[in-house]
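Working notes for the structure below.
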Amino acid sequence: MERHEGDDAGARSCPEALQDGEDAVGSNSASSSCSDLTSPALPTPSPHSSKSFTGLRLFGRRKAIAKTGQQLVAQSSTTMPAKLDDNREISNCVDWSENAAYGQHVWFETSVSGDFCYVGDQHCMAKALQKSIPRHKCAACKISVHSLCMEQLEKINFKCKPSFRDPGTKFIREPTVVRHHWVHRRHQDGKCRQCGRGFQQKFSFHSKDIVAISCSWCKQAYHNKVTCFMLKQIDEHCSLGAHAAVIVPPTWIIRVRRVQASLKSSKKKKRTSFKSKSIKKGPEEGRWKPFIVKPVPSQHLKPLLVFVNPKSGGNQGAKIIRSFMWYLNPRQVFDLSQGGPNEGLEMYRKVPNLRILACGGDGTVGWILSALDQLKLDPQPPVAVLPLGTGNDLARTLNWGGGYTDEPVSKILSHVEDGNIVQLDRWNLTVKPNADAPQEEKDEQQTDKLSLDVFNNYFSLGFDARVTLEFHESREAKPEKFNSRFRNKMFYAGTAFSDFLAGSSKDLAKHIRVVCDGTDLTGKIQELKLQCLLFLNIPRYCAGTTPWGNTTEHRDFDPQRHDDGFLEVIGFTMTSLATLQVGGHGERLCQCKEAILSTFKPIPMQVDGEPCKLAPSIIKICLRNKANMVQKTKRRISLQQINGQQSIAEKQIQVRCISMHDYDSLHYDNDKLREASVPLGVITVPVDSDLETCRTEIQKLCDQEATDGTNSDAVIPQKLSPKWCFLDCTTADRFYRIDRAQEHLHYATEMAQDELFILDTELVTKETVGTSPGMPHLMDSCGESVDNADQLAFPSSSSLPTTSAEGGEDNTACSNSNEEPLQLLIDCIKGDDLERFTEIHKVGVDLLVQDASGCTVLHYAVSEGCKEIVKYITDNAPPSILDIAEKETEETALHKAASRCHRSICYYLVEAGASLLKTDLQGDTPKARAEKAEDYNLAEYLENRQHYQMIQREDQETAV
7 MERHEGDDAG ARSCPEALQD GEDAVGSNSA SSSCSDLTSP ALPTPSPHSS
57 KSFTGLRLFG RRKAIAKTGQ QLVAQSSTTM PAKLDDNREI SNCVDWSENA
107 AYGQHVWFET SVSGDFCYVG DQHCMAKALQ KSIPRHKCAA CKISVHSLCM
157 EQLEKINFKC KPSFRDPGTK FIREPTVVRH HWVHRRHQDG KCRQCGRGFQ
207 QKFSFHSKDI VAISCSWCKQ AYHNKVTCFM LKQIDEHCSL GAHAAVIVPP
257 TWIIRVRRVQ ASLKSSKKKK RTSFKSKSIK KGPEEGRWKP FIVKPVPSQH
307 LKPLLVFVNP KSGGNQGAKI IRSFMWYLNP RQVFDLSQGG PNEGLEMYRK
357 VPNLRILACG GDGTVGWILS ALDQLKLDPQ PPVAVLPLGT GNDLARTLNW
407 GGGYTDEPVS KILSHVEDGN IVQLDRWNLT VKPNADAPQE EKDEQQTDKL
457 SLDVFNNYFS LGFDARVTLE FHESREAKPE KFNSRFRNKM FYAGTAFSDF
507 LAGSSKDLAK HIRVVCDGTD LTGKIQELKL QCLLFLNIPR YCAGTTPWGN
557 TTEHRDFDPQ RHDDGFLEVI GFTMTSLATL QVGGHGERLC QCKEAILSTF
607 KPIPMQVDGE PCKLAPSIIK ICLRNKANMV QKTKRRISLQ QINGQQSIAE
657 KQIQVRCISM HDYDSLHYDN DKLREASVPL GVITVPVDSD LETCRTEIQK
707 LCDQEATDGT NSDAVIPQKL SPKWCFLDCT TADRFYRIDR AQEHLHYATE
757 MAQDELFILD TELVTKETVG TSPGMPHLMD SCGESVDNAD QLAFPSSSSL
807 PTTSAEGGED NTACSNSNEE PLQLLIDCIK GDDLERFTEI HKVGVDLLVQ
857 DASGCTVLHY AVSEGCKEIV KYITDNAPPS ILDIAEKETE ETALHKAASR
907 CHRSICYYLV EAGASLLKTD LQGDTPKARA EKAEDYNLAE YLENRQHYQM
957 IQREDQETAV
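Below, the structure written as structure tokens:
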């Protein structure tokens, strides 16, 4: 028996299935009867029931569907118009009115050439008219049709996955189940759930054959064959798939018809007075809503509400709305531009274990938190953040990253479900006029109240607020000039430089009075001549900087937290503001629970990025409440890991490197990208290691190759650039980058089975004629290389130098021959003889030569304190010498310099590129070694440079 297969069947059965309406389950229309919810009511006959469907009738499907007791056609026949008017507006959002159509699609315009019209060629209007017609795609079930073909889609009665139920009033609490919503697919990723084989066949790029039947709810997919998709699956209950815990089932959302007063009740109402009737009717009418939510409590469910601000992040908001509608119930995804968050929060307020995902900037998060305060939900649902746009300091604090790029929505939902609930302090700002301020002519720009009366991140006044205010006013005056992120940054920079030259905030300290927890800080502020004052609630500020810094060496202050009920008060001079972007911090004034700020002239201020110019006022800052937030954490360990051996097992992983050129051109083709990658080497890590641990091992692997070349499996003869990042090749249907700041949240076993892929943005592949880019030749252990070998080179690095210890155990002759030149160099160092040292080097002695303990000449020069020789080595030796560590102590030259307090030598090494992040055998960084030597000035310098190196590494990485 055939089932939509063969040339003729493939052309004819698709439209026939669509015409068959409720009987053709698994057809191209994905029969609506398969997608409905069970209900106590029996189905009424369908207007299309007399139509036949070749092939499916042989299986007796009409009888099977009749037994399920579904009523989709009965419900929808009264709401769905018989004919679509060409001029009728196409529904592009969820309808929340009482006239909402059951199974209504949510359309958006699409131009993807690979999406064929869903009604099939036989009924396609564009095919009949032979002209180009706009196409639309449903965000919830992902079918595509031409705008003129929507009438045909209604005729065959194919509906979207139901998002609510519409029972009679007697059955409002009747238990129901969700059924699959089967849809035919011409293209399908993944593998068949029945046979385990893939869907796509070779040379089928333009094929219009139906290859798969998939459910829009649980995403299960089967081959369009009798052997894979069976009759019994029509009546199966849908589990809602991998994200069932966060999906709001359509059985929870009930449409409530407006109650019509009966004749008997109307007579009773006439007995009451008009006054009492009007009093009772008003509130009742105001409380009535077309939809109510009746949840089924369960400790295993964490239903999610998604609020998206489409104005954040350019065009990202609109795309994210569609993605969430595909994975979730469309009625749990809200567009904040369509009325804000209050309606959605009010509707779902009684849902237990509710979680909220705010997609937007920090202002969007504050908007939702304020709405939760107004509604007084108890308990208050925790809020997760998907950062869009720029800034996003609160999202960075909660480990959600600085911005969204290409992380799969499925993985985001898993992180929201698994995230820990933490608390966030929220602070009130109470403003009243300052009667003691001198009376001056009122400025037109000044206002008597702040933009916001609550802040979550920070409240500041002075230089930074003035720059933000000027940018805000200019953008409002000419918004067309501020449509580019680069232009916006340039304007910020120009405004900041102009204000700096004008010295507009240099007298700030003279016009304010600050009292924190009863202590007057005004004198200290005036003494420091601060030009900016910041009240900070979270560690991050100004797009990721840390103005409070690390206070481990200062016992006067406690570590900064966002849930301790304390504010950090920080002051800035122009110098400290300039050093923020390279790891600097401001002047730490105090940590307080309450502050009173008095101003005596109009001063620019900003509250969570919203600026204004406030008239002379007295501002009281005090704790408002604590909001529940979702903090992104490491993914849960698989069951296999939990039930495994208690002793930590180790796993060997092959590391493969991909160039940026290959990633840009092939990242949608996983197989080709794997072929284009080149092996870097093999690392051995514990099975429960995160990517941070893997990064350390990969760095050791590169350092080892750069010094002695002992790893014969490696083909990259140099250290990786500082900007490389990991790639996830297992979660989605393509590779995507992992944010450097979030590597500790991902397990290596989730990112790799036997291979771990990394992306180096500065890696360039050089191919020689007649060789394959995927199989470069290996370097010979004796220093010789085969001819015409492919090489990988970094534009910013020189070629690999030949070391004297390359051969390992088989190279003892070469190793012994290096002992005499090494001793000559050491003698020059001990005698501080730079001239003799230079002569020996110019003769041809390699500066990378090492002794038996792994020490280089740089180690000896640092130990002897020979500044000039150290400078000569850093200028003339390969950069790899900077991070070579001793075998016993794992100390680099910078560790030795820091422990001996050689400040000039530390400066030479850091400027040459020595890593400040490497640790010795005791786990100490160079900064920690300086602290142990009690040279705190040197430690502070190393700390600042360490932050700068971290920022440089993250410049090219993509945040999630």
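Per the numbering used here, numbering through the sequence shown is continuous, rising by one, with the last residue being 966.
Note that the Cβ used here is the ideal one computed from N, Cα and C, for glycine as well.
| Taking Cβ positions, are Pro256 and Phe170 nearer each other than 7 Å? | Sequence index remark: in the sequence shown, residue 256 carries index 250 (1-based). Sequence index remark: in the sequence shown, residue 170 carries index 164 (1-based). Yes, Cβ-Cβ distance for Pro256 and Phe170 is below 7 Å.
| query | What first and last residue would you give for the alpha helix (DSSP H) that runs through Pro932? | reply | Reading the sequence shown from its first residue, position 926 is the one you call residue 932. Per DSSP, Pro932 belongs to the alpha helix (DSSP H) from Pro932 to Lys938.
| DSSP-derived helix/strand/coil call for Lys238 | In the sequence shown, counting from the first residue as 1, residue 238 sits at position 232. Of the three classes helix, strand and coil, the one that applies to Lys238 here is helix, per DSSP.
| said: For the segment 340 to 357 against the segment 389 to 405, do three or more pairs of beta-carbon atoms, one drawn from each stretch, fall closer than 8 Å, so that the two count as touching? | reply: no
| Separation of Thr690 from Cys700, as counted between CA atoms | Residue mapping note: residue 700 aligns to position 694 of the sequence shown, counting from 1. Residue mapping note: residue 690 aligns to position 684 of the sequence shown, counting from 1. If I take the Cα positions, the gap works out to 9 Å.
| said: Which residues does DSSP list as the beta-bridge partners of Thr585? | reply: Translated into positions along the sequence shown, residue 585 becomes position 579. Paired residues: none, contrary to the question.
| query | Grouping DSSP H, G and I as helix and E and B as strand, with all else coil, what is Trp373? | reply | The residue labelled residue 373 in the question sits at position 367 within the sequence shown. Trp373: helix per DSSP, three-state reduction.
| query | When burial is assigned at 16 or more other CB atoms within 10 Å of the CB, is Glu940 buried or exposed? | reply | Working through the sequence shown from its first residue, we reach residue 940 at position 934. Exposed: under 16 other Cβ atoms inside 10 Å.
| query | Distance, Cα to Cα, Lys110 vs Pro168? | reply | In the sequence shown, counting from the first residue as 1, residue 110 sits at position 104. In the sequence shown, counting from the first residue as 1, residue 168 sits at position 162. Per the sequence shown, the amino acid found at residue 110 is Gln instead of Lys. Taking the straight line from one Cα to the other gives about 8 Å.
| request: Specify the secondary structure class of Ala665 as computed by DSSP and reduced to three states. | output: Here residue 665 is taken as the residue at index 659 of the sequence shown, counted from 1. According to the sequence as given, residue 665 is Ser; it is not Ala. Three-state result, Ser665: strand.
| Cα separation between Ile259 and Phe297? | Against the sequence shown, residue 259 aligns to sequence position 253. Against the sequence shown, residue 297 aligns to sequence position 291. C-alpha separation (whole angstroms): 7 Å.
| Nearest to Asp454 by CA position, among Leu435, Pro393 and Asn950, is which residue? | Within the sequence shown, the letter at position 448 stands for residue 454. Nearest option by C-alpha distance: Leu435.
| message | Determine whether the beta carbon atoms of Ile625 and Val473 lie at a separation below 7 Å. | response | As a first step, residue 625 must be located in the sequence shown, where it is residue number 619. As a first step, residue 473 must be located in the sequence shown, where it is residue number 467. The answer is no: Cβ separation not under 7 Å.
| What three-state label does DSSP hand Lys148 in the structure shown? | Working through the sequence shown from its first residue, we reach residue 148 at position 142. Lys148 falls in the coil class under three-state DSSP.
| field | Runs of alpha helix (DSSP H) wholly within the segment 317 to 381 (minimum 4 residues, chain order) | value | 322 to 333, 348 to 353 and 368 to 381
| query | Which residue from Ala904, Ile240 and Ala891 puts its Cα closest to that of His187? | reply | In the sequence shown, residue 187 corresponds to position 181, counting from 1. The shortest Cα separation from His187 among Ala904, Ile240 and Ala891 belongs to Ile240.
| said: Considering just the uninterrupted stretch of the alpha helix (DSSP H) at Asn882, what are its terminal residues? | reply: Taking the sequence shown and counting its residues from 1, one reaches residue 882 at position 876. Lys873 to Asn882 is the extent of the alpha helix (DSSP H) around Asn882.
| query | Do you know offhand how far Leu603's Cα is from Asp523's? | reply | Within the sequence shown, residue 603 is the residue found at index 597, counting from 1. Within the sequence shown, residue 523 is the residue found at index 517, counting from 1. Distance between the alpha carbons of Leu603 and Asp523 is about 12 Å.
| message | From the DSSP secondary-structure annotation, give me the bridge partner or partners of Gln856. | response | As a working mapping, residue 856 is identified with position 850 in the sequence shown. In the DSSP output, where bridge partners are listed per residue, Gln856 has Thr862.
| task | My understanding is that Ala549 touches Thr396, with C-beta atoms under 8 Å, so please give their C-beta distance in whole angstroms. | result | Here residue 549 corresponds to residue number 543 of the sequence shown, with the count starting at 1. Here residue 396 corresponds to residue number 390 of the sequence shown, with the count starting at 1. Rounded, the Cβ-Cβ distance is 6 Å, consistent with contact.
| query | By the 10 Å Cβ neighbour count, where 16 or more other Cβ atoms means buried, how is Ile969 classified, buried or exposed? | reply | The structure shown does not extend to residue 969, since the chain spans only 7 to 966, so no value can be given for it.
| Buried/exposed call for Thr581, threshold 16 Cβ in 10 Å | On the sequence shown, residue 581 is found 575 positions in, with the first residue counted as 1. Burial call: exposed.
| Which two residues bound the contiguous alpha helix (DSSP H) that contains Phe477? | Against the sequence shown, residue 477 aligns to sequence position 471. Run containing Phe477: Phe469 to Ala483, per the alpha helix (DSSP H) assignment.
| request: Rank Val636, Asp760, Leu679 and Cys663 by C-alpha distance to the C-alpha of Glu656 and give the top, closest one. | output: As a working note, residue 656 is residue 650 in the sequence shown. Of the candidates Val636, Asp760, Leu679 and Cys663, the one whose C-alpha sits nearest the C-alpha of Glu656 is Asp760.
| task | With a 10 Å radius around its C-beta and 16 neighbouring C-beta atoms as the bar for buried, classify Tyr942 as buried or exposed. | result | To locate residue 942, count along the sequence shown from 1; it is residue 936. Tyr942 comes out exposed.
| Whether Glu892 touches Cys861 by CB criterion (7 Å) | Stepping through the sequence shown from its first residue, residue 892 is reached at position 886. Stepping through the sequence shown from its first residue, residue 861 is reached at position 855. Yes, they are a contact pair.
| Which listed residue (Leu527, Ser220 and Asp424) has its alpha carbon closest to that of Asn359 | Locating residue 359 in the sequence shown gives position 353, where the first residue counts as 1. Of the candidates Leu527, Ser220 and Asp424, the one whose C-alpha sits nearest the C-alpha of Asn359 is Asp424.
| field | Where the alpha helix (DSSP H) containing Tyr914 begins and where it ends | value | On the sequence shown, residue 914 is found 908 positions in, with the first residue counted as 1. That run of the alpha helix (DSSP H) goes Arg909 to Ala918.
| said: Using beta carbons (cut-off 7 Å, strictly below), is Gly615 in contact with chain B? | reply: Annotation note: the requested chain B is absent from the structure, which comprises a single protein chain.
| query | From Cys144 to Leu381, what does the alpha carbon distance come to, in whole angstroms? | reply | One-based indexing of the sequence shown puts residue 144 at position 138. One-based indexing of the sequence shown puts residue 381 at position 375. Rounded to whole angstroms, Cys144 to Leu381 spans 33 Å at the Cα level.
| Counted within 10 angstroms of its Cβ, other Cβ atoms place Thr931 as buried (16 or more) or exposed | For this step, residue 931 is matched to residue 925 along the sequence shown. So Thr931 ends up on the buried side.
| request: Report the option in Lys599, Gly346, Tyr124 and Asp195 whose CA atom is closest to the CA atom of Glu160. | output: To locate residue 160, count along the sequence shown from 1; it is residue 154. Selected option, being the one with the closest Cα: Tyr124.
| message | I'd like the span of the beta strand (DSSP E) that includes Glu195, first residue to last. | response | Taking the sequence shown and counting its residues from 1, one reaches residue 195 at position 189. Correcting the residue identity first, residue 195 is Asp in this sequence and not Glu. From DSSP, Asp195 is part of no beta strand (DSSP E); its letter is neither H nor E.
| query | Should the segment 311 to 331 be regarded as contacting the segment 387 to 395, the criterion being three or more beta carbon pairs within less than 8 Å? | reply | yes
| Taking the alpha-carbon positions, what's the Leu927 to Arg906 distance? | Mapped onto the sequence shown, residue 927 falls at position 921. Mapped onto the sequence shown, residue 906 falls at position 900. So the two alpha carbons sit approximately 17 Å from each other.
| task | Look at the alpha carbon of Gly850 and the alpha carbon of Pro827, and state the distance between them as a whole number of angstroms. | result | Sequence index remark: in the sequence shown, residue 850 carries index 844 (1-based). Sequence index remark: in the sequence shown, residue 827 carries index 821 (1-based). Using only the alpha carbons, I get a separation of about 10 Å.
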